[in-house]
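Number of protein chains: 2
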Amino acid sequence: MTKETDESIMVPAAVIKRLPKYHRYLEELLNEGREKISSQQLGEIVGVSAPQLRQDLNYFGNFGQQGYGYNVKKLYNSLAEVMGIQQKSNMVLVGVGNIGQALVNSRDFEKRGFYLSAIFDTNPKLIGLEINGLVVKDVVELKDYIAENDINIGVITVPASSAQEVANQMIKAGIKGIWNFSPVDLKTPPNIQVENEHLTEGLLRLSFKVKEE
Amino acid sequence: MTKETDESIMVPAAVIKRLPKYHRYLEELLNEGREKISSQQLGEIVGVSAPQLRQDLNYFGNFGQQGYGYNVKKLYNSLAEVMGIQQKSNMVLVGVGNIGQALVNSRDFEKRGFYLSAIFDTNPKLIGLEINGLVVKDVVELKDYIAENDINIGVITVPASSAQEVANQMIKAGIKGIWNFSPVDLKTPPNIQVENEHLTEGLLRLSFKVKEE
DNA sequence: CCTCTTTTGTGATTTTTTTAACAATAACCG
DNA sequence: CGGTTATTGTTAAAAAAATCACAAAAGAGG
Numbered sequence: 001m002t003k004e005t006d007e008s009i010m011v012p013a014a015v016i017k018r019l020p021k022y023h024r025y026l027e028e029l030l031n032e033g034r035e036k037i038s039s040q041q042l043g044e045i046v047g048v049s050a051p052q053l054r055q056d057l058n059y060f061g062n063f064g065q066q067g068y069g070y071n072v073k074k075l076y077n078s079l080a081e082v083m084g085i086q087q088k089s090n091m092v093l094v095g096v097g098n099i100g101q102a103l104v105n106s107r108d109f110e111k112r113g114f115y116l117s118a119i120f121d122t123n124p125k126l127i128g129l130e131i132n133g134l135v136v137k138d139v140v141e142l143k144d145y146i147a148e149n150d151i152n153i154g155v156i157t158v159p160a161s162s163a164q165e166v167a168n169q170m171i172k173a174g175i176k177g178i179w180n181f182s183p184v185d186l187k188t189p190p191n192i193q194v195e196n197e198h199l200t201e202g203l204l205r206l207s208f209k210v211k212e213e
Numbered sequence: 001m002t003k004e005t006d007e008s009i010m011v012p013a014a015v016i017k018r019l020p021k022y023h024r025y026l027e028e029l030l031n032e033g034r035e036k037i038s039s040q041q042l043g044e045i046v047g048v049s050a051p052q053l054r055q056d057l058n059y060f061g062n063f064g065q066q067g068y069g070y071n072v073k074k075l076y077n078s079l080a081e082v083m084g085i086q087q088k089s090n091m092v093l094v095g096v097g098n099i100g101q102a103l104v105n106s107r108d109f110e111k112r113g114f115y116l117s118a119i120f121d122t123n124p125k126l127i128g129l130e131i132n133g134l135v136v137k138d139v140v141e142l143k144d145y146i147a148e149n150d151i152n153i154g155v156i157t158v159p160a161s162s163a164q165e166v167a168n169q170m171i172k173a174g175i176k177g178i179w180n181f182s183p184v185d186l187k188t189p190p191n192i193q194v195e196n197e198h199l200t201e202g203l204l205r206l207s208f209k210v211k212e213e
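Listed in order, the protein sequences are those of chains A and B. Straight run, no breaks: the first sequence in full-length UniProt numbering ends on number 213. Straight run, no breaks: the second sequence in full-length UniProt numbering ends on number 213.
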């Protein structure tokens with residue numbers, strides 16, 4: 001009955017992009033105490049068509065039940081598992097500047113199982129400083145720290161000029177994924193996953209659309 | 001010779017998404033003193049195929065010259081114009097929390113012509129405080145400020161619970177575009193442009209890809 | 001326990017996006 | 001100043017993504 005969760009079938013990037021959104025809205029529904037939902041209803045809430053939603057979900061398994069719909073809790077948990085946020089993961093952050101500090105202070109991601117384990121910088125004025133319970137370490141310790149502490153995600157919030165160098169060190173130390181806030185497209189081997197938050201690009205796209213209107 | 005810059009031909013979202021990247025790499029090339037470049041070469045640098053690059057650019061005009069390629073400076077300026085960053089625009093920011101403060105302090109976008117004109121919050125402890133040259137105003141002043149000061153972009157960095165309310169006020173006051181950092185999909189009329197920076201979604205996508213590998 | 005209704009999962013179709021191919025055009029060089 | 005080469009702009013083909021449509025399955029109600 002259950003579809004092969006085999007990696008052999010490549011999941012389209014467009015589908016991956018929508019997964020977190022499904023997860024977010026399901027969380028809301030769960031908090032509202034909603035028990036079941038149809039693809040039609042969930043699609044309307046999320047802003048995708050019902051068939052698309054069903055097709056997206058079916059890349060990962062058959063989570064629904066004909067004549068009934070989807071159980072909200074079950075689907076929420078299934079998606080969490082698909083995205084790998086059932087088992088917690090540890091992160092390090094390099095670059096305790098503006099955005100870096102904002103991330104350290106907010107730690108919004110901890111409630112989704114992403115723990116910030118240590119933070120690093122090169123600036124001697126910052127090293128040793130405590131920010132929201134974490135002491136800024138010297139970036140020279142980065143490589144050893146990653147290797148010794150089961151870290152699989154690295155957050156890069158350094159200026160463009162040093163982003164690639166930081167990424168290289170993380171990769172050498174065995175990191176699996178990089179969450180990159182530097183306005184740089186990192187050069188990485190294919191087994192290293194990168195997700196970019198190129199904020200300025202977002203603003204430029206907005207500007208284009210505003211002008212277009 | 002020049003193609004119609006008519007809005008009648010809808011520009012695909014996929015194309016819009018790539019424009020800022022082209023712009024960024026052209027800026028680099030310009031700084032390196034590069035004078036001309038072929039679609040083949042630029043495509044390799046940016047990471048898109050040469051035909052795609054040409055087709056993308058041709059949505060907006062014929063910027064190249066056969067047998068020569070593209071003049072870097074000319075193309076850079078043309079793209080800047082396409083994206084509407086030739087004329088400066090003024091922004092307001094609401095929500096002087098972690099990310100809000102980071103944006104106010106860095107002001108990375110000012111060098112691209114986006115000026116932060118005023119910042120707002122509801123927290124009495126923050127109102128009156130000066131951050132990087134800007135005094136935090138009470139959010140009750142928001143509507144009048146926007147209406148009176150030629151503001152066309154609003155930055156939302158408030159918690160999810162108040163994001164929609166802030167957006168509503170901005171829209172009522174006549175804003176054109178919203179750069180939204182709240183983990184919420186804002187409900188807006190079709191003439192209002194929204195660009196979301198849903199950071200947590202990025203991290204979840206990364207998690208998925210890391211797990212998949 | 002049978003019929004009717006709901007709603008999924010999925011194969012077929014349409015639309016969109018990307019890639020390929022090439023004719024047209026301009027620079028370059030002797 | 002003409003031939004050769006480079007490279008665009010654009011049309012056509014291929015690939016990818018989204019939508020449609022419907023058979024199959026499960027629940028609900030009598």
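Ideal Cβ positions, reconstructed from N, Cα and C, are used throughout, including at glycine.
Exercise. List the residues that DSSP assigns as beta-bridge partners of ILE37(A).
Key: Beta-bridge annotation (DSSP): ILE37(A) is paired with TYR70(A).
Exercise. Count the other C-beta atoms from every protein chain shown that fall within 10 angstroms of the C-beta of THR5(A), then say buried if there are 16 or more, exposed otherwise.
Key: Model confidence at THR5(A) stands at a pLDDT of 36, short of 50, so the residue's coordinates are unreliable and nothing is read from them.
Self-check item: Within chain A, the residues that LEU199(B) reaches when beta carbons sit closer than 7 Å
Solution: Contact annotation for LEU199(B) against chain A: GLU197 [CB-CB distance below 7 Å, chain order].
Quiz item: So which residues of chain A does ASN191(B) contact, with C-beta pairs closer than 9 Å?
Solution: Taking the beta carbon of ASN191(B) as reference, the chain A residues within 9 Å of it are GLU213, listed in sequence order.
Quiz item: What are the residues that DSSP puts in a beta bridge with TYR22(A)?
Solution: As far as DSSP is concerned, TYR22(A) takes part in no beta bridge.
Quiz item: Would you call the region 139-151 of chain A and the region 84-92 of chain A in contact, with 3 or more CB pairs under 8 Å?
Solution: The region 139-151 of chain A is in contact with the region 84-92 of chain A.
Quiz prompt | According to DSSP, residues forming a beta bridge with PHE120(A) | solution = Note: PHE120(A) sits in a beta bridge opposite VAL94(A), LYS137(A).
Quiz item: At least one CB of chain B closer than 8 Å to the CB of PHE120(A): is that the case?
Solution: No, its Cβ sits nowhere closer than 8 Å to a Cβ of chain B.
Practice problem: Identify the contact partners of SER207(B) in chain A, using a Cβ-Cβ distance below 8 Å as the criterion. | Solution: The contacting residues are MET83, GLY84, ILE85, SER89, PHE114, ILE153, GLY177.
Self-check item: Bridge partner(s) assigned by DSSP for GLY177(B)
Solution: Looking at the DSSP output, GLY177(B) sits in a beta bridge with ILE153(B), GLN193(B).
Quiz prompt | C-alpha distance - ILE175(A) paired with GLN169(A), whole-angstrom precision | solution = Taking the straight line from one Cα to the other gives about 9 Å.
Quiz prompt | Element boundaries [alpha helix (DSSP H), containing GLN169(B)] | solution = Secondary structure note for GLN169(B): its alpha helix (DSSP H) is the uninterrupted segment 160-172.
Quiz prompt | Close beta carbons around VAL72(A), own chain, < 7 Å, minus the five adjacent residues each side | solution = So the list reads LEU26, LEU29, LEU30, ARG34, GLU35, LYS36, ILE37, once near-sequence residues are dropped.
Self-check item: 7 Å Cβ cut-off: residues of chain B touching GLY202(A)
Solution: For a Cβ distance threshold of 7 Å, residue set TRP179, GLU195, GLU197 of chain B lies close to GLY202(A), ordered along the chain.
Self-check item: Local Cβ density within 10 Å of GLY100(A), reported as buried at 16 or more and exposed below that
Solution: Result: buried.
Self-check item: Residues that GLN101(B) contacts on chain A, provided the C-beta gap is smaller than 8 Å
Solution: Within chain A, the residues placing a beta-carbon under 8 Å from that of GLN101(B) are ASN98, ALA102, ordered along the chain.
Quiz prompt | Given ASN180(A) as reference, the closest of LYS17(A), VAL155(A), GLU201(A), ILE192(A) once Cα atoms are compared | solution = Taking the Cα of ASN180(A) as reference, the smallest distance to any Cα among LYS17(A), VAL155(A), GLU201(A), ILE192(A) is reached at VAL155(A).
Practice problem: Give a yes or no on whether the minimum CB-CB distance between GLY47(A) and chain B is below 8 Å. | Solution: Closer than 8 Å to some Cβ of chain B, the Cβ of GLY47(A) qualifies, so yes.
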